[in-house]
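Participant: Encoded as structure tokens, here's the structure I'll be asking about.
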Amino acid sequence: MPKKVLIIDDSTVLRNIIVFNLKKAGYEIAEAEDGLDALEKMSHFSPDIMILDLMMPKLDGFGVLREKAKMEGFKDTPTIVLTAKGGEDDRENALSLGAIDVLTKPFSPKQLLDCVKKVVGDAV
Ligand SMILES: [Mg+2]
Numbered sequence: 045m046p047k048k049v050l051i052i053d054d055s056t057v058l059r060n061i062i063v064f065n066l067k068k069a070g071y072e073i074a075e076a077e078d079g080l081d082a083l084e085k086m087s088h089f090s091p092d093i094m095i096l097d098l099m100m101p102k103l104d105g106f107g108v109l110r111e112k113a114k115m116e117g118f119k120d121t122p123t124i125v126l127t128a129k130g131g132e133d134d135r136e137n138a139l140s141l142g143a144i145d146v147l148t149k150p151f152s153p154k155q156l157l158d159c160v161k162k163v164v165g166d167a168v
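For the sequence shown, our numbering assigns the number 45 to the initial residue and increments by one for each residue that follows.
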């Protein structure tokens with residue numbers, strides 16, 4: 045069974061790049077375009093891992109981390125957070141809210157893939 049990855053980012057361009065690369069690596073993918081969309085997709089898709097942007101409309105990435113922590117079925121779902129350059133506080137805040145790792149934009153497809161593999165326990 046391929047591992048399931050939920051990609052949460054309001055940038056269609058970035059989502060498309062991530063989807064392309066993770067599909068190519070054999071992962072099953074679902075996408076969400078904001079934080080509220082993410083909470084809804086989580087219950088339908090039951091991801092093994094999530095990739096979460098911080099700056100998003102409706103509910104930002106911090107809000108998703110806070111809500112997720114309260115959700116019994118999802119509080120342990122590992123989440124890789126994507127931050128903008130220069131957001132050192134964002135990194136600390138995301139980690140303190142339970143993010144398992146933080147990637148700073150721009151990152152290479154290989155960086156992201158290695159990070160996902162490491163988190164789900166696939167060989168890098
Ligand atoms: Mg964004």
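Yeah, the Cβ is synthetic: ideal placement off N, Cα and C, and Gly gets one too.
All figures in this text were calculated on a predicted structure; none of them were measured in a lab.
(1) Please classify G165 as buried or exposed, where buried requires at least 16 other C-beta atoms within 10 Å of its C-beta.
(2) Put A76 into one of helix, strand or coil per three-state DSSP.
(3) Are D92 and K48 closer than 7 Å when you measure CB to CB?
(4) Are D134 and T127 close, meaning C-beta to C-beta below 7 Å?
(5) Quick one: grab the DSSP three-state call for I144.
(6) What do you reckon, is the C-beta of M115 under 6 Å from a heavy atom of ligand 1?
(7) Determine the closest residue to K161 out of Y71, A76, A113, E77, with distance taken between C-alpha atoms.
Facilitator: Let me spell this out:
(1) exposed
(2) strand
(3) yes
(4) yes
(5) coil
(6) no
(7) Y71
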